[in-house]
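Below is one structure; the comments refer to it alone.
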Amino acid sequence: MRRVLTVAALAAALLLPGGPLPEAEAGSGSGAPAATGRWSAREAEDFWTADRMASAAPINAGAAQLPGADPGTGTDFDGIPVVGRMFVMKGSGAYFCTASVVASPGRNLILSAAHCLLGTDARQVAFVPLYTAENPQPYGMFPVLRDAEGRSKVWIDPRYKSLGADKAATLDVAFAQVGPDADGFPVEQVVGGNRLVTGAPYEHPQVSLIGYPASAARPRLCVNRTTRFTSTDPGIPGSFLRIDCTGYPGGTSGGPFLTRYDKETETGDVVGVIGGWKTGGDTADTSYSSYFGTDVRNLYEKAVAGAAGA
């Protein structure tokens with residue numbers, strides 16, 4: 208389940224300088240129009256047709272499905288409104304990852320993995336809550352906004368850009384600001400938002416893991432405990448949350464680790480996202496997350512401040 212970009216895209220990502228603001232710049236892919244001007248829900252809906260969404264590939268390919276140690280059982284289910292697919296154009300291709308709404312004062316932030324949005328050619332990004340092949344837009348579409356220069360409003364730690372996905376695997380987290388839907392409502396008002404929790408233990412007795420596998424028409428749910436995994440590979444340093452859950456290949460990157468899930472509100476506390484060590488793991492049955500500590504809290508606060516200044 209290792210989440211790797213194509214060689215060309217990864218090389219381009221690693222060339223990005225670490226700027227003063229943790230934003231991923233949008234640009235023009237090979238032979239594709241530049242992402243200029245604002246990006247509205249109507250434009251996103253016109254661009255991301257049901258056929259184009261259905262044809263989108265995972266932003267990185269899944270590895271062979273090798274068994275993990277005592278994994279939980281992943282099961283396709285109907286999903287929850289606060290989690291969905293995040294679609295993005297890179298080069299001339301349509302791709303997707305998993306993303307979820309995180310509660311914020313502006314009610315307009317989503318959370319995913321940094322490797323899903325890294326690169327100068329990420330553009331026309333849109334979040335679709337509770338996407339399924341049968342019902343592609345049950346809650347509409349929410350465009351990731353752009354600034355006046357056409358750059359997507361995405362917050363990624365600059366060290367993840369400058370050091371790369373392996374050396375900075377502990378920083379594989381991204382926040383993005385989405386605009387209102389076609390009726391003018393902010394995403395959190397429409398579907399709710401998970402509460403961001405930082406500074407929690409690595410070990411959780413019960414975590415709900417939700418993601419969108421590339422080959423599935425619906426999202427996948429698994430409930431299992433998490434443990435602390437500390438890498439012994441000097442090329443990928445750090446400690447991560449680990450969870451054994453079957454069937455989380457490409458496409459599930461960015462999927463939330465939820466604790467204290469509330470069936471009434473269909474939200475929970477988000478303590479991780481699929482990513483981090485080997486950008487999520489090298490098998491489809493064991494997933495990882497960067498630890499949500501001070502770095503993630505600071506990044507969230509920058510996103511909140513940046514979204515408030517829009």
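Heads up, the sequence shown is in the numbering used here, so the first residue is 208 and it goes up one at a time. Where is the CB? At the ideal position from N, CA and C, for every residue including glycine.
In three-state DSSP terms, what is residue i?
i	result
Met-293	strand
Pro-265	strand
Tyr-302	strand
Ala-233	With a pLDDT of 33 at Ala-233, under the threshold of 50, the predicted position of this residue should be treated as unreliable, though the coordinate-derived value follows. Note: Ala-233 maps to coil in three-state DSSP.
Pro-365	helix
Phe-551	Residue 551 is absent from the structure shown; the chain starts at 208 and stops at 517.
Tyr-409	coil
Thr-493	strand
Asn-342	coil
Please report the distance separating the alpha-carbon of residue i from that of residue j.
i	j	result
Leu-324	Tyr-409	25 angstroms
Pro-387	Asp-373	34 angstroms
Ser-415	Thr-466	6 angstroms
Thr-490	Ser-438	16 angstroms
Ala-251	Leu-318	19 angstroms
Ala-306	Thr-405	18 angstroms
Gly-500	Val-397	28 angstroms
Trp-484	Arg-504	19 angstroms
Ala-423	Val-351	24 angstroms
Pro-463	Gly-279	16 angstroms
His-411	Glu-356	42 angstroms
Here's a check: name, in chain order, each residue in its chain whose Cβ is nearer than 7 angstroms to the Cβ of residue i, leaving out the five neighbours to either side.
i	result
Ser-262	Ala-301
Gly-461	Met-293, Cys-304, Thr-305, Ala-306, Ser-319, Ala-320, Cys-323, Val-480, Ile-481, Gly-482
Asp-502	Asp-364, Leu-378
Go through its chain and collect everything with a Cβ distance to residue i's Cβ below 8 angstroms, but skip five positions before and after it.
i	result
Val-511	Ser-311, Pro-312, Gly-313, Leu-316
Could you pull out every residue in the same chain whose Cβ sits closer than 6 angstroms to the Cβ of residue i, ignoring the five residues on either side in sequence?
i	result
Leu-448	Tyr-409, Thr-433, Gly-479, Ser-496
Glu-395	Val-308, Arg-314
Leu-228	Since pLDDT at Leu-228 reaches only 26, below the 50 mark, its modelled position is unreliable, and the value read off the structure follows with that caveat. Around Leu-228: no qualifying Cβ.
Arg-425	Asp-283, Thr-339
Ala-264	Tyr-302
Pro-343	Ala-257, Met-260
Trp-246	Pro-350, Arg-353
If I'm right that residue i touches residue j with Cβ under 8 angstroms, what's the distance once you round it to whole angstroms?
i	j	result
Arg-427	Gly-281	5 angstroms
Tell me whether residue i, by its Cβ, gets closer than 7 angstroms to a heavy atom of the ligand PLP.
i	result
Thr-377	Among the components modelled here there is no ligand, and therefore nothing to report on the ligand PLP.
Just checking, does the segment 469 to 477 make contact with the segment 444 to 460 on the three C-beta pairs under 8 angstroms criterion? no
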